[in-house]
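Visitor:
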Amino acid sequence: MSEPTRRRALAAGAAVAAGGLAAQAAPASAATPAASPSAGSAPGSAAMAPGHDHGAPEPFDEVYRGRRIEGRATAGGHHGSGYGVFIDGVELHVMRNADGSWISVVSHYDPVPSPRAAARAAVVELRGAPLVPFN
């Protein structure tokens, strides 16, 4: 028998992953009835596709260590996330990683579990300094 090659290992892993994704998608689509727009709802609205938020984080607005931090849905945003985090009204550039963790431009190498945690980590790292807008 020949030794396994990297190409064979990658192909086998991709086949297993594709099979697992197909198995996860099948029960979800079978259990959910086809969505039909209700009277008065706009196409693409949440009423048309219930539970279709794709794990969008909850909005927040609080004062942390004397700084006002906010997180809310926005139109577009960096990386098309549609979610913005603000410190004292200035946008903190945040990004969601593939594993669901979040990073910010201030604490890029320290992933955290939520945008709120990213804002708090940035406040700690800034040590009272103002956040400069990231363009």
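Yeah, the sequence shown ends on 141 if you go by the numbering used here, and it's all consecutive. Idealized CB from N, CA, C, for every residue including glycine. Quantities reported herein were computed from a predicted structural model and do not represent experimental measurements.
Between which residues of its own chain and TYR115 is the CB-CB distance below 8 angstroms, once the five residues before and five after are set aside?
Guide: Contacts found: ILE109.
Visitor: Evaluate PRO63 with the Cβ neighbour count: other Cβ atoms within 10 Å of its Cβ, from every protein chain shown; 16 or more gives buried, anything less gives exposed.
Guide: Under this definition PRO63 is a buried residue.
Visitor: How is LEU137 classed by DSSP in three states: helix, strand or coil?
Guide: Note: LEU137 maps to coil in three-state DSSP.
Visitor: May I ask you to report which of helix, strand or coil DSSP gives VAL130?
Guide: Note: VAL130 maps to helix in three-state DSSP.
Visitor: Find the nearest neighbour of SER100 within the set PHE140, ALA17, ALA135, judged by alpha-carbon distance.
Guide: For clarity, residue 100 is Val in the given sequence; the question names Ser instead. Looking at the Cα atoms, PHE140 is the closest of the given residues.
Visitor: First and last residue of the beta strand (DSSP E) that includes TYR89?
Guide: Start and end: 89 to 93.
Visitor: Return the CA-CA distance between GLY77 and ALA123, expressed in angstroms with no decimal places.
Guide: Going from the Cα of GLY77 to the Cα of ALA123 covers about 11 angstroms.
Visitor: To the nearest whole angstrom, what separates the beta carbons of GLU131 and VAL112, a pair I think is in contact under 8 angstroms?
Guide: With a Cβ gap of about 5 angstroms, GLU131 and VAL112 count as contacting.
Visitor: Provide the residue span of the beta strand (DSSP E) that contains GLY72, from first to last.
Guide: Neither: GLY72 is in no beta strand (DSSP E) and is coded neither H nor E.
Visitor: Among all the DSSP beta bridges, which residues are the ones paired with ALA79?
Guide: DSSP lists TYR89 as partners of ALA79.
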